[in-house]
Amino acid sequence: MSRFSRSVLSLLLSGMAIQASAADTLIRQARVFDGERIIGVRDVLIQDGKITCVAASIAAPADAVITEAAGKTLMPGMIDSHVHAFKDQELPLLFGVTAQIDLFAAQAALQAFNHQLKEKNTRLPDTYSAGMLATVKGGHGTEYGLPVETLSAPDQAQAWVDARIAEGSHFIKIVMESGGHEHVVPSLSRDTVKALISAAHKRNKLALVHISSIDDALFALENGADGLVHLFTAKEISDQQITAMVRAAKKHHAFVIPTFSVLNSIAGIKADAVLANPVWMRWLTPVQQQALQQTYGRKPQPELVAPARKAAAAFQRAGIPVLAGTDAGNNGTQFGISMHQELLELVEAGLTPVQALQAATSSPAKIFHLRDQGRIAPGMVANLLLIDGQPDQKITDTQRITEAWKQGEPVSPLQQAQIKKVAALQSGAMQLNPVTALLQIKNNKAGSPFGLGWSAASDTMMGGKSTARMQLREDADLGPVLQLQANIQPGFAYPWAGLSMLPGTRPMQAVNLEKASELRFRTRGDGQTYALAFGIEGSFIPVQIPFQTSQDWQEVRVRFADVTGLNMKLITMISWNAGGAAGERQFEIADIRLISE
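Here it is as structure tokens:
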């Protein structure tokens, strides 16, 4: 079992709460959005974790907990239709997300999710997972260090699908992803995609397709995909393309999850609507805030999301279900909180507030066969969200959470516990000299003034084939010099090799270096371009700054204030990396200094 799988398993099992039946709860005089529409002012009675009565007036049972909700809106707990639930699972309930559709998980995590669904669980969202995704060797999904059973031909599709079902997958996820112009990755052949869709349908499972281009979206819909789990970033889209997609989706009764939260991240757009909520920022640790603040795109390009907005509006007008999903687990997103940004994005794309609320409640419940969720009615599980406002009129009112319930248990105690946890995690910055030399010689080895020191590293830790060799020597003028000899090889989605300095006392421990303003170093090499990279806790992709080498020594200066997305409070690694095309690489670095001003 991988470290990823063990951590998810531990997280889920430790968060399960098997409790005796709680006291009855009566929610009085709330405006009720039942998952489809506002049904008026009602009392709602919760008993044994389920809704037992919805009426104009209900007599309170003896010893019932009363929640006065006059002027507030009661709605079903939200369902995030696209997440990757491998960490931070204490968060979704805090923000009213009581169920999730997970679209890529290792087998151990899948089993933990399924075990959790069988128990009374009031501390974590219910998670329904696709388990392992369908991809090709070296394709999207293989870059995370997890063992992935890949496919190479259509005749493997049925056996692959049957293996996922035997593991407990609730539906089948299929990846159509060839990367972008700057980084092309292998993808499943179209014949294999068709075979996988057919194999899923043969076993009565939904076939959910990851796409990132208009052409792939149209192909998936025309060949019977039940749902697109993303839309796309693009510079433009024609009316003919939209018409063709709508026609294909209607023909095959498909649905769409736009995931504007992650599309915005790709386009360099931050989740400003939720980042500006000061109450909610108290619920996120610095690392969790970092994941939400860090976008994939380095500069805002809203034009890249405009075609997806146009397509989503067309799907909604045509009666094709549009679901709210965030792709939480990626940069620019965070579990739970991103659903509120996603609802706003859906409304700005053209859905009404009521349609957006449906996209987060009754619609995904119907599509994913969550028969006791997504509605407020007798017999439904009491996963509920109480809002101090009218989100059916003003969608941003979903941010005014008064209370939430998971299986009838209030979430507010979890919110208070999270606030205390976040407060306890605040730590000060490391004290640094005005000039701190990061490369030193200690016991004839490369050392550093703090942390674990220096080492060579490569993509082999993620299953790649590149190699890195570090050599240390002394120069009369420059002092210690480190040389990298790298061999970049295919076999990983983003092949790399480099020299790394770990500033923490344990691997990948975050260190607060905010007192440093600049990094300077000298370099020479084979004339190629390399990257200075900063690992940031809470972000999957390092912040990278390119530098050019030549046969002569030259100084590189990086002012941290000028680097977009660099959070010096959460540095896990500083590295000098080679990557890109296959081949031999070589460079040297020396006189490496952190400057504090």
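Quick note on numbering: the sequence shown equals residues -22 to -1, 1 to 575 in mature numbering (1 follows the signal peptide of the UniProt record, and there is no 0). C-beta atoms are modelled at their ideal positions from N, C-alpha and C, and glycine is treated no differently. Note that the structure is a prediction, hence the values are computed from the model and not measured.
Residue(s) in a DSSP beta bridge with residue i
i           : result
residue 563 : 464
residue 188 : 153
residue 288 : For residue 288, which the question treats as bridged, DSSP gives no partner whatsoever.
residue 578 : The shown model of the chain, from -22 to 575, leaves out residue 578, and the question about it has no answer.
residue 255 : Partner(s): none; residue 255 has no beta bridge.
residue 469 : In the DSSP output, where bridge partners are listed per residue, residue 469 has none listed.
residue 46  : 6
residue 524 : 509
residue 452 : 458
residue 551 : 513
residue 130 : Answer is none; residue 130 lacks a bridge partner.
residue 478 : 433, 553
residue 233 : 205
Identity of the residue in the options nearest residue i by Cα
i           : options            : result
residue 583 : 105, 520, 113      : This structure gives no information on residue 583, because the portion of the chain shown stretches from -22 to 575.
residue 71  : 385, 255, 115      : 385
residue 233 : 425, 270, 296      : 296
residue 66  : 148, 508, 270, 356 : 270
residue 576 : 134, 112, 137      : The structure shown does not extend to residue 576, since the chain is modelled only from -22 through 575, so no value can be given for it.
residue 391 : 452, 481, 73       : 73
residue 64  : 42, 89, 17, 511    : 89
residue 499 : 97, 344, 569       : 569
residue 491 : 103, 562, 412      : 412
residue 536 : 529, 332, 524      : 524
residue 292 : 241, 226, 252, 256 : 226
residue 562 : 489, 552, 541, 466 : 466
residue 180 : 145, 513, 136, 146 : 136
residue 199 : 182, 219, 214      : 219
residue 305 : 52, 237, 255       : 237
residue 84  : 38, 147, 52        : 147
residue 450 : 97, 477, 510       : 477
residue 509 : 522, 503, 497, 307 : 522
residue 397 : 69, 502, 103, 175  : 69
Whole-angstrom C-beta distance between residue j and residue i, which should lie under 8 Å
i           : j           : result
residue 55  : residue 361 : 3 Å
residue 410 : residue 493 : 5 Å
residue 527 : residue 565 : 5 Å
residue 235 : residue 59  : 5 Å
residue 261 : residue 400 : 7 Å
residue 81  : residue 93  : In fact, because the Cβ distance is near 19 Å, the residues do not count as touching under 8 Å.
residue 223 : residue 289 : 7 Å
residue 573 : residue 548 : Rounded, the Cβ-Cβ distance is 20 Å, inconsistent with contact.
residue 239 : residue 323 : 7 Å
Helix, strand or coil at residue i according to DSSP, with G and I counted as helix
i           : result
residue 531 : coil
residue 238 : helix
residue 180 : helix
residue 486 : coil
residue 388 : strand
residue -5  : Residue confidence for residue -5 is low, a pLDDT of 40 falling below 50, so the modelled location carries little weight; the figure read from the coordinates is stated next. Reduced to three states, the DSSP call for residue -5 is coil.
residue 500 : strand
residue 411 : coil
residue 308 : strand
residue 575 : coil
residue 398 : helix
residue -10 : Note that residue -10 scores a pLDDT of 49, beneath 50, so its modelled location is shaky and nothing firm can be said.
residue -19 : Any answer about residue -19 is weak, because its pLDDT of 45 lies below 50 and its placement is not dependable; what the coordinates show is given next. DSSP places residue -19 in helix when its eight states are reduced to three.
residue 433 : strand
residue 11  : strand
residue 113 : coil
residue 445 : strand
residue 26  : coil
residue 215 : coil
residue 163 : coil
residue 350 : coil
residue 336 : helix
residue 492 : coil
residue 420 : strand
residue 270 : helix
residue 317 : helix
Three or more C-beta pairs below 8 Å linking the segment 181 to 189 and the segment 152 to 161: yes
Quick test of the definition: if touching needs 3 or more C-beta pairs under 8 Å, does the segment 262 to 271 touch the segment 308 to 322? yes
Across the segment 284 to 300 and the segment 197 to 210, are there enough close Cβ pairs to call them in contact, namely three or more that are closer than 8 Å? yes
For the 8 Å Cβ check, are there 3 or more pairs between the segment 23 to 34 and the segment 270 to 278? no
Using a Cβ distance threshold of 8 Å, determine whether the segment 372 to 386 contacts the segment 408 to 422, with at least three qualifying pairs required. no
I want to know whether the segment 242 to 256 touches the segment 223 to 230 - three or more CB-CB distances under 8 Å. no
Using 8 Å as the Cβ pair cut-off and three pairs as the minimum, do the segment 3 to 21 and the segment 327 to 342 touch? yes
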